[in-house]
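Trainee: Quick note: the sequence shown uses this note's numbering, first residue 24, plus one each step.
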Amino acid sequence: MKPIARLAHTIIAIGITAVSISSSSAADRITGHHFATRSEAMAPHAMAATSQPLATQVALDIMQAGGNAIDAAIAANAVLGLVEPTGNGIGGDLFAIIWDAENGELLGLNASGRSPQSLTLDYFIDNGYSAIPARGVLPLSVPGAVDGWFEMHEKLGRLPMQQILAPAIAYAEEGFPVTEVIAYYFERNAEVLKNQPGFAEVFLTDGRPPQKGKRFKNPDLANSYRLIAEQGRDAFYRGDIAKTIDRFVKEHGGFLSYEDLANHSSTWIEPVSTNYRGYDLWELPPNTQGIAAQQILNILENYPLAELGFDSPEYVHLFVEAKKLAFEDRAKYYSDPDFNEVPVQQLLDKDYAKERAKLIDLTRAAKVYEPGNPPTEGDTIYLTTADAQGNMVSLIQSNYRGMGSGITPTGLGFVLQNRGELFALDRNHRNVYAPNKRPFHTIIPAFVTKDGKPLMSFGVMGGATQPQMHAQILINMIDFGMNLQEAGDAPRILHEGSSQPTGERMIEGGILSLENGFSDHTRRELIKMGHRLQEAVGPYGGYQAIWRNHEEGVYYGASESRKDGHAAGY
Numbered sequence: 024m025k026p027i028a029r030l031a032h033t034i035i036a037i038g039i040t041a042v043s044i045s046s047s048s049a050a051d052r053i054t055g056h057h058f059a060t061r062s063e064a065m066a067p068h069a070m071a072a073t074s075q076p077l078a079t080q081v082a083l084d085i086m087q088a089g090g091n092a093i094d095a096a097i098a099a100n101a102v103l104g105l106v107e108p109t110g111n112g113i114g115g116d117l118f119a120i121i122w123d124a125e126n127g128e129l130l131g132l133n134a135s136g137r138s139p140q141s142l143t144l145d146y147f148i149d150n151g152y153s154a155i156p157a158r159g160v161l162p163l164s165v166p167g168a169v170d171g172w173f174e175m176h177e178k179l180g181r182l183p184m185q186q187i188l189a190p191a192i193a194y195a196e197e198g199f200p201v202t203e204v205i206a207y208y209f210e211r212n213a214e215v216l217k218n219q220p221g222f223a224e225v226f227l228t229d230g231r232p233p234q235k236g237k238r239f240k241n242p243d244l245a246n247s248y249r250l251i252a253e254q255g256r257d258a259f260y261r262g263d264i265a266k267t268i269d270r271f272v273k274e275h276g277g278f279l280s281y282e283d284l285a286n287h288s289s290t291w292i293e294p295v296s297t298n299y300r301g302y303d304l305w306e307l308p309p310n311t312q313g314i315a316a317q318q319i320l321n322i323l324e325n326y327p328l329a330e331l332g333f334d335s336p337e338y339v340h341l342f343v344e345a346k347k348l349a350f351e352d353r354a355k356y357y358s359d360p361d362f363n364e365v366p367v368q369q370l371l372d373k374d375y376a377k378e379r380a381k382l383i384d385l386t387r388a389a390k391v392y393e394p395g396n397p398p399t400e401g402d403t404i405y406l407t408t409a410d411a412q413g414n415m416v417s418l419i420q421s422n423y424r425g426m427g428s429g430i431t432p433t434g435l436g437f438v439l440q441n442r443g444e445l446f447a448l449d450r451n452h453r454n455v456y457a458p459n460k461r462p463f464h465t466i467i468p469a470f471v472t473k474d475g476k477p478l479m480s481f482g483v484m485g486g487a488t489q490p491q492m493h494a495q496i497l498i499n500m501i502d503f504g505m506n507l508q509e510a511g512d513a514p515r516i517l518h519e520g521s522s523q524p525t526g527e528r529m530i531e532g533g534i535l536s537l538e539n540g541f542s543d544h545t546r547r548e549l550i551k552m553g554h555r556l557q558e559a560v561g562p563y564g565g566y567q568a569i570w571r572n573h574e575e576g577v578y579y580g581a582s583e584s585r586k587d588g589h590a591a592g593y
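What follows is the structure in structure tokens.
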């Protein structure tokens with residue numbers, strides 16, 4: 024490996040001005056970086072950031088009515104399940120990291136569901152499947168989101184659930200105007216899912232999905248929300264909703280049953296952390312991919328990224344190689360800890376990261392990496408809320424592929440997730456399919472503390488994009504000095520084609536995509552290093568964040584310019 028001093032010497036000349044040489048600009052703003060789309064939102068009492076304006080407003084309304092950040096997060100998630108069904112809904116799973124201000128502790132919630140008890144690995148093998156299908160009844164797993172809401176509410180909520188869900192019910196009955204980006208994804212999903220059972224009856228009119236600005240109503244979802252508000256979690260897992268799901272899935276040859284729903288439970292878990300240049304990044308352990316972001320940062324901490332510069336081929340190269348290394352471990356080790364011992368602390372060991380970093384050739388892109396041997400002893404929405412008491416919620420929720428399986432049980436108003444697609448069918452793989460098992464999960468909330476104090480709740484939606492962007496957000500802020508909004512607006516690096524927990528292996532180094540804003544010089548140098556560059560539109564994720572300024576008693580909010588939403592406070 025080339026000595027760091029020599030590496031730094033070769034790039035300092037371009038690194039100092041790298042961030043200003045891009046040919047892309049959001050607008051002629053008088054302050055901040057040229058790619059910043061807007062200022063950070065600031066407020067003294069409370070803040071919410073979501074991917075759709077109505078959800079942000081509802082979160083603030085709930086807190087102004089006496090609710091806390093937990094109530095606001097549930098209310099916003101319910102609204103998003105209505106207004107952005109292209110990314111989430113109560114047919115999917117949920118994860119959250121919550122700062123409990125009263126007790127001064129960080130809590131983790133895994134509200135992901137398990138595979139059907141009556142569906143076996145032999146079914147897939149005997150019927151000739153090499154992978155679990157993406158759509159239809161076979162990739163179904165138990166939806167965990169509603170149980171997640173009630174776990175959060177029982178532990179920390181303040182307002183009654185009827186009041187929390189009332190705004191979503193009202194919008195579902197009265198209708199809401201479909202926003203631009205969501206309308207785009209409605210169109211894309213409808214083309215794929217229009218023939219799935221029940222889908223067209225809820226989401227299509229005369230064969231077309233709702234267009235931008237159209238007032239869309241979902242009375243069936245309003246009724247489902249009302250049952251949940253009045254009867255609690257059992258309405259979904261033991262009542263009429265569960266019975267409807269059971270009957271509909273069986274009618275279409277599936278395996279998800281009433282018993283699977285009735286037996287579901289969420290799990291409160293300990294978030295895990297790694298320190299990156301003085302800041303503690305907290306993620307949830309497997310079955311999520313959260314620790315991949317931490318592994319990337321542990322590797323990159325060995326390099327002087329601030330000296331290299333944001334728009335430098337050396338930084339982009341190091342980032343991509345660190346991602347490849349972390350994703351090899353992700354492919355091998357990340358799985359349901361109830362079925363396998365996942366060596367989380369060993370994977371996050373700093374000495375292990377140093378050894379992995381030694382595998383990086385500073386001048387050449389690797390085509391293949393092997394997973395390491397740590398020392399022994401997956402479309403989505405993301406939202407975040409913070410209240411006057413200091414509670415902060417980092418919540419992510421998803422159907423997996425856009426609108427999930429497409430399976431839409433009659434009269435319920437929502438699609439069922441297809442998260443089961445992320446199991447492997449190799450009997451020797453840790454993430455192999457088994458009954459009553461949680462699949463590998465791509466959705467990950469994140470949280471940052473410093474010196475034991477809550478500092479930042481954030482997330483970036485978008486499948487395997489998420490750990491890459493978690494790492495980039497912190498690098499942008501810590502190494503490159505960007506503010507909360509600029510860190511999300513900055514052009515992003517996306518590497519695809521790594522080995523996967525479903526069994527696929529990287530053999531040709533994968534594909535690198537760079538958003539507009541990286542210079543031609545950087546692109547050319549990366550090609551010389553052996554990276555395969557490819558243009559990509561849309562897969563760079565969606566970011567929301569809240570930063571707590573303890574000295575001033577102020578919240579900062581930031582929201583993704585690539586989505587429809589915003590951050591706001593009071």
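Using N, Cα and C, we set each Cβ at its ideal position, and we do this for glycine too.
Would you mind reading off the limits of the beta strand (DSSP E) that contains Phe118?
Mentor: Within the sequence shown, numbered from 1, the residue matching residue 118 stands at position 95. Element bounds for Phe118: 116 to 123.
Trainee: Is Gly592 helix, strand or coil by DSSP?
Mentor: Start at 1 with the first residue of the sequence shown, and residue 592 comes out as number 569. Note: Gly592 maps to strand in three-state DSSP.
Trainee: Would you tell me roughly how many angstroms separate the C-alpha atoms of Gly104 and Ala252, rounded to the nearest one?
Mentor: One-based indexing of the sequence shown puts residue 104 at position 81. One-based indexing of the sequence shown puts residue 252 at position 229. Rounded to the nearest whole angstrom, the CA to CA distance from Gly104 to Ala252 is 15 angstroms.
Trainee: Is the Cβ-Cβ distance between Ala245 and Ile187 less than 8 angstroms?
Mentor: The residue given as residue 245 occupies position 222 in the sequence shown. The residue given as residue 187 occupies position 164 in the sequence shown. In this structure, Ile187 does not lie closer than 8 angstroms to Ala245 by Cβ.
Trainee: Locate the alpha helix (DSSP H) running through Arg379, then write down its first and last residues.
Mentor: Position 356 of the sequence shown, counting from 1, holds the residue named residue 379. Run containing Arg379: 373 to 380, per the alpha helix (DSSP H) assignment.
Trainee: Could you check which residue in Glu203, Met479, Gly301 has the C-alpha nearest to that of His573?
Mentor: The count along the sequence shown starts at 1 and reaches residue 573 at position 550. Per the Cα distances, Met479.
Trainee: Could you compute how far the alpha carbon of Leu307 sits from the alpha carbon of Gly221?
Mentor: Position 284 of the sequence shown, counting from 1, holds the residue named residue 307. Position 198 of the sequence shown, counting from 1, holds the residue named residue 221. In a straight line, the C-alpha of Leu307 is about 34 angstroms away from that of Gly221.
Trainee: Below 8 angstroms on the Cβ atoms is my guess for Pro309 versus Tyr248; work out the distance and round it to an integer in Å.
Mentor: The residue you call residue 309 lines up with position 286 of the sequence shown. The residue you call residue 248 lines up with position 225 of the sequence shown. At roughly 31 angstroms, the Cβ-Cβ gap does not stay under 8 angstroms, so Pro309 and Tyr248 are not in contact.
Trainee: Going along the chain, which residues of its own chain have a beta-carbon closer than 8 angstroms to the beta-carbon of Glu558, five neighbours each way excluded?
Mentor: Translated into positions along the sequence shown, residue 558 becomes position 535. So the list reads Ser536, once near-sequence residues are dropped.
Trainee: DSSP state of Ala513, grouped into three classes?
Mentor: To locate residue 513, count along the sequence shown from 1; it is residue 490. The answer is coil: DSSP assigns Ala513 none of H, G, I, E or B.
Trainee: Which word fits Ser153, buried or exposed, when buried means at least 16 other C-beta atoms lie within 10 angstroms of its C-beta?
Mentor: The count along the sequence shown starts at 1 and reaches residue 153 at position 130. Exposed: under 16 other Cβ atoms inside 10 Å.
Trainee: State the start and end residues of the unbroken alpha helix (DSSP H) segment that holds Gly171.
Mentor: Sequence index remark: in the sequence shown, residue 171 carries index 148 (1-based). Per DSSP, Gly171 belongs to the alpha helix (DSSP H) from 168 to 179.
Trainee: Give the secondary structure of Ile1 by DSSP, where H, G and I count as helix, E and B as strand, and everything else as coil.
Mentor: Since the first and last residues shown for the chain are 24 and 593, residue 1 lies out of range.
Trainee: Would you check if the segment 437 to 451 and the segment 497 to 509 touch, i.e. whether three or more CB-CB distances between them fall below 8 angstroms?
Mentor: Verdict: no, contact absent.
Trainee: Do three or more CB pairs link the segment 118 to 133 to the segment 460 to 476 at distances below 8 angstroms?
Mentor: yes
Trainee: Are Ile419 and Gly482 close, meaning C-beta to C-beta below 8 angstroms?
Mentor: Numbered from 1 along the sequence shown, position 396 holds the residue referred to as residue 419. Numbered from 1 along the sequence shown, position 459 holds the residue referred to as residue 482. A contact, by the Cβ cut-off of 8 angstroms.
Trainee: Is it buried or exposed for Trp291, if we count other Cβ within 10 angstroms and need 16 for buried?
Mentor: Locating residue 291 in the sequence shown gives position 268, counting from the first residue. It counts as exposed.
Trainee: Taking buried to mean at least 16 other C-beta atoms within 10 Å of its own C-beta, is Pro336 buried or exposed?
Mentor: The residue given as residue 336 occupies position 313 in the sequence shown. Result: buried.
Trainee: Are the CB atoms of Asp359 and Gly395 nearer to each other than 8 angstroms?
Mentor: As a first step, residue 359 is located in the sequence shown; it is residue number 336 there, counting from the start. As a first step, residue 395 is located in the sequence shown; it is residue number 372 there, counting from the start. Cβ atoms of Asp359 and Gly395: not closer than 8 angstroms.
Trainee: Which of the three DSSP states is assigned to Ser47 in this structure?
Mentor: Position 24 of the sequence shown, counted from the start, is the residue given in the question as residue 47. Confidence at Ser47 is low in this model, with a pLDDT of 47, below 50, so the placement of that residue is unreliable and no value is reported for it.
Trainee: With a CB to CB cut of under 7 angstroms and the five nearest residues on each side skipped, what residues in its chain are close to Ala168?
Mentor: The residue labelled residue 168 in the question sits at position 145 within the sequence shown. Counting only Cβ-Cβ distances below 7 angstroms, and skipping sequence neighbours, we find Ile113, Gly115, Asp116, Leu117, Ala134, Gln420.
Trainee: On the DSSP bridge assignment, give the partners of Lys473 in chain order.
Mentor: The residue given as residue 473 occupies position 450 in the sequence shown. Beta-bridge pairing links Lys473 to Lys476.
Trainee: Quick one: Cα of Tyr375 to Cα of Ser582, how far?
Mentor: If you number the sequence shown from 1, residue 375 lands on position 352. If you number the sequence shown from 1, residue 582 lands on position 559. If I take the Cα positions, the gap works out to 35 angstroms.
Trainee: Bridge partners for Asn298 per DSSP, in chain order?
Mentor: For the purposes of this step, residue 298 is taken as residue 275 along the sequence shown, with counting starting at 1. Asn298 is bridged to Asp303.
Trainee: If you reduce the DSSP assignment to three classes, tell me which class Tyr152 lands in.
Mentor: Here residue 152 is taken as the residue at index 129 of the sequence shown, counted from 1. Under the three-state reduction of DSSP, Tyr152 is assigned to coil, being neither helix nor strand.
Trainee: Using 8 angstroms as the threshold, is the C-beta distance between Ala71 and Ala95 below it?
Mentor: Working through the sequence shown from its first residue, we reach residue 71 at position 48. Working through the sequence shown from its first residue, we reach residue 95 at position 72. Taking a C-beta distance under 8 angstroms as the contact criterion, Ala71 and Ala95 qualify as a contact pair.
Trainee: Which residues share a DSSP beta bridge with Gly131?
Mentor: On the sequence shown, position 108 is the one that residue 131 refers to. Answer is Ile120, Ile292, bridged to Gly131.
Trainee: Would you call Asn441 buried or exposed, if buried means 16 or more other Cβ atoms sit within 10 Å of its Cβ?
Mentor: As a position in the sequence shown, residue 441 is number 418, starting the count at 1. When all chains shown are included, Asn441 counts as buried.
Trainee: Within the continuous alpha helix (DSSP H) that includes Gly486, where are the two ends?
Mentor: Numbered from its first residue, the sequence shown carries residue 486 at position 463. DSSP places Gly486 in no alpha helix (DSSP H); its state is neither H nor E.
Trainee: Would you kindly work out how many angstroms separate the C-alpha atoms of Gln523 and Gly533, rounded to a whole number?
Mentor: Numbered from 1 along the sequence shown, position 500 holds the residue referred to as residue 523. Numbered from 1 along the sequence shown, position 510 holds the residue referred to as residue 533. Taking the straight line joining both Cα atoms gives about 12 angstroms.
Trainee: Over the uninterrupted alpha helix (DSSP H) stretch that includes Gly425, give me the two end residues.
Mentor: Along the sequence shown, one-based indexing puts residue 425 at 402. No alpha helix (DSSP H) holds Gly425; DSSP gives it neither H nor E.
Trainee: Determine the burial state of Val81: buried for a count of at least 16 other Cβ atoms within 10 Å of its Cβ, exposed for fewer.
Mentor: Taking the sequence shown and counting its residues from 1, the one referred to as residue 81 is at position 58. So Val81 counts as buried.
Trainee: Would you report the Cα separation of Lys235 and Asn126, rounded to the nearest angstrom?
Mentor: As a working note, residue 235 is residue 212 in the sequence shown. As a working note, residue 126 is residue 103 in the sequence shown. Rounded to whole angstroms, Lys235 to Asn126 spans 44 angstroms at the Cα level.
Trainee: Could you tell me if Gly301 is buried or exposed, where buried requires 16 or more neighbouring beta carbons within 10 angstroms of its beta carbon?
Mentor: Here residue 301 refers to the residue found at position 278 when the sequence shown is read from its first residue. The residue in question, Gly301, is exposed, as its Cβ has fewer than 16 Cβ neighbours within 10 Å.
Trainee: Ser521 and Lys347: beta carbons closer than 8 angstroms?
Mentor: The sequence position of residue 521 within the sequence shown is 498, counting from 1. The sequence position of residue 347 within the sequence shown is 324, counting from 1. It is a contact, given that the beta carbons lie within the stated cut-off.
Trainee: Grab the span of the alpha helix (DSSP H) containing Gly104 for me, first residue to last.
Mentor: As a working mapping, residue 104 is identified with position 81 in the sequence shown. 92 to 106 is the extent of the alpha helix (DSSP H) around Gly104.
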